[in-house]
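Peer 1: The opening position of the sequence shown corresponds to residue 0 in numbering that gives the first Met the number 0, with each subsequent residue numbered one higher.
The structure under discussion is supplied below as structure tokens; questions concerning it will follow.
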Amino acid sequence: MPLIDSGESMVDYDFTRQFKEYFSMTDEGSIKDPHNHDWMVWSITDIERWWGIFETNLAVPFGRKLFNSCCDEEEYQIHVNEIIKSGWFKKSGNLKRLSNRWSLFGWGRLNIESNLIMTKLPSSIASGFAVAGIESFNKVRYKSEWKQINQTEILLELNRDINELPMAKKHTQLPWVCQKDSLANKSLDFELESRELGWSVEGEAMLILPVSLFSRLFYSTLGSNTSLGAEILDSWNVTGIESKFIKPLILASYSSYQLFLNSDKHV
């Protein structure tokens, strides 16, 4: 691959071209894939921090819910995008498409034979994506656990599930999601740098995640308690949506607000 030294990091123009061919990005923040799914770019550091804040604000362990949200969304996309092909002599092609998907999205590497994930993502996110890929590839359901071996390796513990489980359905659209079609805006120019696991922008490790996994996650908080006090919850004036969605919206927004305050990226 053609690499150009840009000081502290190496820009990979071939990889950047592949990324731009797959995703349509505009300067106002819209990112869409060829199947019209919406995506978000995160730094690895920020998604780890945001998840820690969000789970703390929920006041209960929520890692399994995050895993389920990632697993369901990835299974749904693998199915509707026809990543896994059926028929003879399709195994190598299926493996290659899954491998390319993980590489392009900055998720790391997935070894389906050994159930080993090599990644810098939070374990609940990486494991959810991985189990969806393995189940889709093997056409088998598993009861899943995962073990963080070190900072970049996660081992999945999979036991076959004899129960017949339906294919994951499309996510439920949350009422505050904007329906605006913004692809008429100016396209965004950028350069990506290849790393051993994933890619970076100007030296900062990044990845891309489907917006709909957050819709699944926020929807799963309906009815959950929160550690946020009344002084915080009552300070938000939310109108125009059903009352059951107000707390998930506040949880999502306040967690992002706290992430912003704790970051060094203030405007």
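Quick reminder that beta carbons are idealized off the backbone N, C-alpha and C, glycines included.
In three-state DSSP terms, what is W41?
Peer 2: Residue state, collapsed to three classes: strand.
Peer 1: Report whether the distance from the Cβ of L196 to the nearest heavy atom of the ligand HEM is below 7 angstroms.
Peer 2: Summarising the ligand content, the structure contains no ligands, and the ligand HEM is consequently not present.
Peer 1: Determine, using beta-carbon pairs with one atom in the region 27-44 and one in the region 199-215, whether at least three such pairs fall under 8 angstroms.
Peer 2: Yes, the region 27-44 is in contact with the region 199-215.
Peer 1: Touching or not, the region 121-136 and the region 63-71, by the rule of three or more beta carbon pairs under 8 angstroms?
Peer 2: Short answer: they touch.
Peer 1: Quick one: residues in its chain with C-beta nearer than 7 angstroms to the C-beta of W235, no 5 flanking neighbours on either side, listed in chain order?
Peer 2: Once the five neighbours on either side are set aside, the close Cβ partners of W235 are I249.
Peer 1: DSSP state of V200, grouped into three classes?
Peer 2: The answer is strand: DSSP assigns V200 an E or B state.
Peer 1: I'd like the span of the alpha helix (DSSP H) that includes S102, first residue to last.
Peer 2: It spans 90-104 - the alpha helix (DSSP H) in which S102 sits, taken as one unbroken run.
Peer 1: In this structure, does DSSP put I207 in helix, strand or coil?
Peer 2: It is a strand residue.
Peer 1: May I ask which residues mark the beginning and end of the alpha helix (DSSP H) holding I231?
Peer 2: I231 -> alpha helix (DSSP H) spans 229-232.
Peer 1: Would you give the residue range spanned by the beta strand (DSSP E) that L109 belongs to?
Peer 2: Here the beta strand (DSSP E) through L109 covers 108-110.
Peer 1: Looking at G132: is its Cβ nearer than 8 angstroms to the Cβ of E73?
Peer 2: Cβ distance < 8 angstroms, so G132 and E73 count as in contact.
Peer 1: Could you tell me which of L258, G239, N224, K243 sits nearest to P60, measuring between CA atoms?
Peer 2: Nearest option by C-alpha distance: N224.
Peer 1: Taking the CB atoms as reference points, tell me whether T118 and L191 lie closer together than 8 angstroms.
Peer 2: For T118 and L191, no; Cβs fall outside 8 angstroms.
Peer 1: Take V130 as the anchor and find which of R159, F104, L103 has the nearest alpha-carbon.
Peer 2: The shortest Cα separation from V130 among R159, F104, L103 belongs to R159.
Peer 1: Looking at the strands, I want to know which residues DSSP matches up with T151.
Peer 2: None, per the DSSP bridge assignment.
Peer 1: Within the chosen definition, does the region 25-39 reach the region 206-215 through at least 3 CB pairs nearer than 8 angstroms?
Peer 2: The region 25-39 is in contact with the region 206-215.
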